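Residue numbers (the numbering used here): 776 to 1043.
Inspection log for the structure reproduced underneath, given as C-alpha cells.
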Ligand SMILES: C[S@@+](CC[C@H](N)C(=O)[O-])C[C@H]1O[C@@H](n2cnc3c(N)ncnc32)[C@H](O)[C@@H]1O
C-alpha cells in the first residue's frame, strides 16, 4: 500500500503546478513517485486533502520565524516523512535539523534527494526510530541537546497514533524542550472520529489500513499544564485558509462538530 508520506509528497508536488502555489517543493514529485498518485486515488482525490497544502504552508511560516526571531538552533521533525524543509526553507547554516521516521522511509528519502542533487541549507541528521518506542533516546544519541531551545514539528502524524502514544510523545517532547522552545502539530478533535460528516473518511482510512486514532479536544488545556503557552487555529480560519478550504468553518462555541486543529506553542 502507498504510504501517507508519498501521498503527502504528491499533494506538495501538485502545489508547484498551480498558478498560486502556497509553497514550492522541487523534490516532492520525485519523493511521491507513483505511490503518491495511488494514495490520492485511494482517497478519491477528496477536497479535504487540501488540508495538507494549507498545513504545510502554515508550518512553513512558523519554522523560519523560530530560527530567526527566536534564535532556535535545533529543529526536530518527528515523523518527518518526505518533508524537505531542511532543503527549501532559509534556515541558517548553523542550525541543525533532526528528521525522525522509520528506517525505510528515511533511506528512500536519502536515495531520492541524493539522486536529485539536493543540498540542505543547514546541518541535517536522519534519526530512524519508532514514536511508539525509544525515539527520544535515539534523538539524543543523534546529537540533540535538551539544554538549549528547540523547535518541534509533528505534522500529519498524531491522528495516526494511539491516544496513549500521543500523550507519551507530548510528555517526552515537553521533557526535552528547554525554555524558549517552540512546538507545532496538527490533530483532530474526538468528534471527528464519529460525526456523520467525517465518519466516511474515518472508515475509509481504517479500510485502507491507516486508521485515525489520536485526538485532542482542547489543545490549550492539554499542553498548558506541561508548561506550554498555546495558540490554536482550526483549518479554514485565517491564517489557515488561503482561499483553499472548501468547507464551512464551525464557530468555536458550537458543540459536537468535527475540528482540525493547527497548534503552535512556546515553552515558558
Ligand atoms: C502523513 S506522513 C507526514 C510526514 C511529514 N510530517 C509531512 O508532513 O510530510 C506520516 C509519517 O509518519 C511516519 N510514521 C507513522 N507512524 C510512525 C511511528 N510510529 N514512528 C515514526 N514515524 C511514524 C510515516 O512513516 C510517515 O512518514
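We put the CB at the ideal spot given by N, CA and C, even for glycine.
Since we're looking at a predicted model, the values are computed, not measured.
Local Cβ density within 10 Å of residue i, reported as buried at 16 or more and exposed below that
i, result
"residue 795", "exposed"
"residue 825", "buried"
"residue 907", "exposed"
"residue 912", "exposed"
"residue 972", "exposed"
"residue 809", "exposed"
Rounded C-alpha distance that separates residue i from residue j
i, j, result
"residue 801", "residue 788", "8 Å"
"residue 1009", "residue 1037", "6 Å"
"residue 798", "residue 790", "7 Å"
"residue 896", "residue 870", "9 Å"
"residue 926", "residue 856", "17 Å"
"residue 931", "residue 1028", "25 Å"
"residue 1013", "residue 793", "21 Å"
"residue 776", "residue 782", "With a pLDDT of only 48 at residue 776, under the threshold of 50, the placement of this residue in the model should not be trusted, and no figure is reported."
"residue 974", "residue 859", "32 Å"
"residue 969", "residue 1031", "10 Å"
Helix, strand or coil at residue i according to DSSP, with G and I counted as helix
i, result
"residue 738", "The structure shown has nothing for residue 738, since the chain only spans 776 to 1043."
"residue 992", "coil"
"residue 790", "helix"
"residue 883", "helix"
"residue 805", "helix"
"residue 844", "coil"
"residue 795", "coil"
"residue 962", "strand"
"residue 1035", "strand"
Distance cut-off 6 Å: residue i Cβ against heavy atoms of ligand 3
i, result
"residue 829", "Annotation note on ligand 3: not contained in the displayed structure, which lists ligand 1 as its ligands."
Contact with chain B by residue i, beta-carbon distance below 7 Å
i, result
"residue 926", "Among the chains of the structure shown, chain B does not appear; only one protein chain is present."
Residue i versus the options, residue with shortest Cα-Cα distance
i, options, result
"residue 1041", "803, 838, 827 and 1022", "838"
"residue 1021", "781, 817, 827 and 814", "827"
"residue 918", "818, 965, 994 and 901", "901"
"residue 771", "898, 866, 834 and 905", "There is simply no residue 771 to check, as the chain begins at 776 and stops at 1043 in what is shown."
"residue 889", "779, 806, 946 and 933", "806"
Exercise. Taking contact to mean at least 3 C-beta pairs separated by less than 8 Å, is the stretch 863–879 in contact with the stretch 944–952?
Worked result: no
Exercise. Is it true that the stretch 879–887 meets the stretch 959–971, where meeting means three or more beta-carbon pairs spaced less than 8 Å apart?
Worked result: no
Exercise. Would you call the stretch 998–1005 and the stretch 975–983 in contact, with 3 or more CB pairs under 8 Å?
Worked result: no
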